[in-house]
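Read the structure below first, then the notes.
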Amino acid sequence: DRSQPLGLSYAQQRQWFLWQLDPESTAYTIPAALRLSGSLDIAALEHSFSALIARHETLRTTFRQQGEQAVQIIHAPRALTLMVESVPAGQPLEACVEQEMQRPFDLEKGPLLRVRLLNLAADEHVLILTQHHIVSDGWSMPIMVDELVRLYEGYSQGREVVLTALDMQYADYALWQRNWMDA
């Protein structure tokens with residue numbers, strides 16, 4: 001039942017513990033910066049992110065302490081609105097990416113996926129994606145980016161996009177892991 005708080009995987013539990021020790025740490029931030037060349041359809045990109053967030057529960061999950069155990073709360077999907085930002089005059093692009101990487105996450109409030117769209121020129125943008133390691137890892141970030149590209153390609157051409165259904169979500173894995181270890 002996704003309307004109730006759910007248990008954490010052991011990896012999430014470690015991340016939760018480390019975050020409680022130092023909530024301002026950015027050691028577990030996973031960044032990706034994508035240079036986008038050509039005409040950009042902002043509405044299609046927003047639609048793509050909204051579909052991705054609806055598809056992957058981890059992208060709309062927060063965490064909290066409930067009694068003696070930490071739990072994850074999966075929130076209802078909501079639309080993502082992108083703000084197009086200009087790179088401040090004289091500031092190198094790398095500094096903008098670094099600045100985003102140095103912003104800490106609040107695991108209790110979320111969101112644990114941040115998206116910034118920087119406008120370099122009319123047909124040149126940089127998309128900065130930042131996630132906390134409690135909801136993503138080195139394996140899942142490339143999958144998410146691939147799905148985002150596929151969604152955007154379809155939506156920007158006015159086509160509906162159907163991705164292969166997910167057999168399970170990460171919360172299902174966490175439950176399986178706990179049950180297996182308790183057996």
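Counted the way UniProt numbering counts, the sequence shown spans residues 1 to 183. Each residue gets a CB set at the ideal place from its N, CA and C atoms; glycine is no exception.
Beta strand (DSSP E) segment containing residue i, residue limits
i, result
"I30", "29-37"
In DSSP terms, what residue i is bridged to
i, result
"residue 187", "Residue coverage of the chain in this structure runs from 1 to 183, which leaves residue 187 outside it and unanswerable."
"S86", "N119"
"F63", "Q72"
"H125", "L36, N119"
"R114", "T130"
Residue i versus residue j - alpha carbon distance
i, j, result
"L127", "I143", "16 angstroms"
"A76", "P31", "24 angstroms"
"V87", "D41", "19 angstroms"
"V161", "S48", "9 angstroms"
"A95", "A89", "12 angstroms"
"V145", "H125", "16 angstroms"
"G67", "L120", "48 angstroms"
"Y10", "D172", "13 angstroms"
"Q131", "H56", "13 angstroms"
"L117", "W180", "42 angstroms"
"Q177", "A183", "10 angstroms"
Residue i, DSSP secondary structure in three states
i, result
"residue 184", "Nothing in the structure corresponds to residue 184, since the chain is present only between 1 and 183."
"Q157", "coil"
"L6", "strand"
"A80", "Looking at the sequence itself, residue 80 is Leu, so the reference to Ala does not match. In this structure, L80 counts as coil in the three-state DSSP scheme."
"T26", "coil"
Extent of the continuous alpha helix (DSSP H) to which residue i belongs
i, result
"F105", "From DSSP, F105 is part of no alpha helix (DSSP H); its letter is neither H nor E."
"M101", "93-101"
"R55", "42-55"
"L175", "170-182"
Residue-level contact to chain C via CB, residue i, 7 angstroms cutoff
i, result
"C96", "Protein chain content of the structure displayed is limited to a single chain, and chain C is not contained in it."
Distance between beta carbons of residue j and residue i, contact taken as under 8 angstroms
i, j, result
"L166", "L6", "L166 to L6, Cβ: 16 angstroms. No contact."
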